[in-house]
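K.L.:
Numbering (full-length UniProt numbering), first residue to last: 1 to 291.
Heads up, the beta-carbon is just placed ideally off N, CA and C, and yes, glycines get one too.
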């Protein structure tokens, strides 16, 4: 689910470029439309249990919504105020931050293979964005760091409520993002409905792709450690680069292609190792029951 969600949201950065609206307008419509999309998904999935899906999340769900809002603000504003390469390099540190938070608050120890995967994925991401990285601005880098920390904290917080699906609370996150953008944007440049072409892309991205993709990603911590969820989200960086190459003709440098192969290869290899380990443990458990 997590990998599928990352693939679904991979055109995010490309579509933001094509929409070409001021950041406050992007945040407002992004928040409003994603909130509507999340409501539709929750209703389709739960039917008569619609309200119970929200109540089940409790105060932890409110924390998840606030953290997800911070990650949205950090990602969008980070891309506005610093180089895109800087944002992606900093976001690549989210799995490392998640590993540290899980160790401190959940007492989860990560195996050596996970630490190796984190290092290789951070190296691969750095190679992907090396041509677009630079000093940037402290403000933009700070927003990107906010996004990485909030994302990692979100997944870690989800792990404190095993078996509870926190994805419905992303609705509240969309409302928070839209409200804050309206308070700022309404006073600065207004929040008029965008041109037809931009409106179509906004609806495609914010009413369709983002709610579906983030619903899948937010369910990831039900089955995976927060660190692994963060690692799988790096697929968005690789595939997002390919989207820009295909649509905008911005051909990645050979070193970027090497970095993408390193990230995907690492995630694939780790997945195989985890799968074999899970199968071995299942067989050993079955053997003990038979004996």
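Could you check the C-alpha separation between residue 173 and residue 94 for me, to the nearest Å?
P.N.:
Each residue's alpha carbon lies about 19 Å from the other.
K.L.:
DSSP three-state label for residue 84, please.
P.N.:
Three-state result, residue 84: helix.
K.L.:
If residue 222 sits next to residue 165, beta carbons under 8 Å apart, how far is it from one beta carbon to the other, in whole angstroms?
P.N.:
That belief holds up - the Cβ atoms of residue 222 and residue 165 are roughly 6 Å apart, short of 8 Å.
K.L.:
Using CA atoms only, rank isn't needed, just tell me which of 175, 181, 45, 167 is closest to residue 213.
P.N.:
It is 167 whose Cα lies nearest to the Cα of residue 213.
K.L.:
Check whether the Cβ atoms of residue 211 and residue 97 lie closer than 8 Å to each other.
P.N.:
Not closer than 8 Å, so no.
K.L.:
Assuming residue 229 is part of the alpha helix (DSSP H), what are its boundary residues?
P.N.:
Segment 226 to 233, the alpha helix (DSSP H) holding residue 229.
K.L.:
Please report the straight-line C-alpha distance between residue 259 and residue 50, rounded to a whole angstrom.
P.N.:
About 43 Å.
K.L.:
For residue 48, count neighbouring Cβ atoms within 10 angstroms of its own Cβ and tell me buried if that reaches 16, exposed if not.
P.N.:
Its Cβ having fewer than 16 others within 10 Å, residue 48 is exposed.
K.L.:
Please decide whether residue 227 counts as near chain B, where near means a Cβ-Cβ distance under 8 Å.
P.N.:
No chain B appears in this structure, which consists of one protein chain only.
K.L.:
If you reduce the DSSP assignment to three classes, tell me which class residue 34 lands in.
P.N.:
Reduced to three states, the DSSP call for residue 34 is helix.
K.L.:
How big is the Cα-Cα spacing for residue 197 and residue 19?
P.N.:
Their Cα atoms are separated by approximately 8 Å.
K.L.:
Answer yes or no: do residue 63 and residue 157 have a C-beta to C-beta separation smaller than 8 Å?
P.N.:
Closer than 8 Å, so yes.
K.L.:
Between the beta-carbon of residue 183 and the beta-carbon of residue 36, is there less than 8 Å?
P.N.:
Going by C-beta atoms, residue 183 is not nearer than 8 Å to residue 36.
K.L.:
What would DSSP say about residue 221, mapped onto helix, strand or coil?
P.N.:
Note: residue 221 maps to helix in three-state DSSP.
K.L.:
Can you list, in chain order, the residues of its chain with a C-beta nearer than 6 Å to that of residue 67? Leave out the 5 residues immediately preceding and following it.
P.N.:
Excluding sequence neighbours, residue 67 sits near 150, 153, 154.
K.L.:
By alpha-carbon positions, which one of 89, 115, 114, 195 ends up nearest to residue 148?
P.N.:
Of the listed residues, the one whose Cα sits closest to residue 148 is 89.
K.L.:
Starting from the C-beta of residue 7, find all residues in its chain whose C-beta is less than 7 Å away, skip the five residues before and the five after it, and write them out in chain order.
P.N.:
235, 239, listed in sequence order.
K.L.:
Does residue 108 come out as helix, strand or coil in the three-state DSSP assignment?
P.N.:
In the structure shown, residue 108 sits in coil (DSSP, three-state: anything other than H, G, I, E or B).
K.L.:
With a 10 Å radius around its C-beta and 16 neighbouring C-beta atoms as the bar for buried, classify residue 366 as buried or exposed.
P.N.:
Nothing can be reported for residue 366: it is not among the residues displayed for the chain, which extend from 1 to 291.
K.L.:
Could you compute how far the alpha carbon of residue 192 sits from the alpha carbon of residue 204?
P.N.:
Those two C-alpha atoms are separated by around 18 Å.
K.L.:
Assuming residue 139 contacts residue 81 (C-beta within less than 8 Å), just tell me the rounded distance between them.
P.N.:
Right, the Cβ-Cβ distance comes to about 5 Å (below 8 Å), so this counts as a contact.
K.L.:
By Cβ distance, which residues of its chain are closer than 8 Å to residue 73, with the 5 residues on each side in sequence left out?
P.N.:
Around residue 73: 27, 143, 146, 147, 177, 180.
K.L.:
Can you look up residue 13 in the DSSP assignment and give me helix, strand or coil?
P.N.:
Three-state DSSP puts residue 13 in a helix.
K.L.:
Count the other CB atoms, across all protein chains shown, that sit within 10 Å of the CB of residue 99; report buried if there are 16 or more and exposed otherwise.
P.N.:
That one is buried.
K.L.:
So what does DSSP say about residue 209, is it helix, strand or coil?
P.N.:
Note: residue 209 maps to helix in three-state DSSP.
K.L.:
Straight-line CA distance for residue 54 to residue 251?
P.N.:
Cα to Cα, the separation comes out at about 44 Å.
K.L.:
Please state the DSSP three-state secondary structure of residue 160.
P.N.:
The answer is coil: DSSP assigns residue 160 none of H, G, I, E or B.
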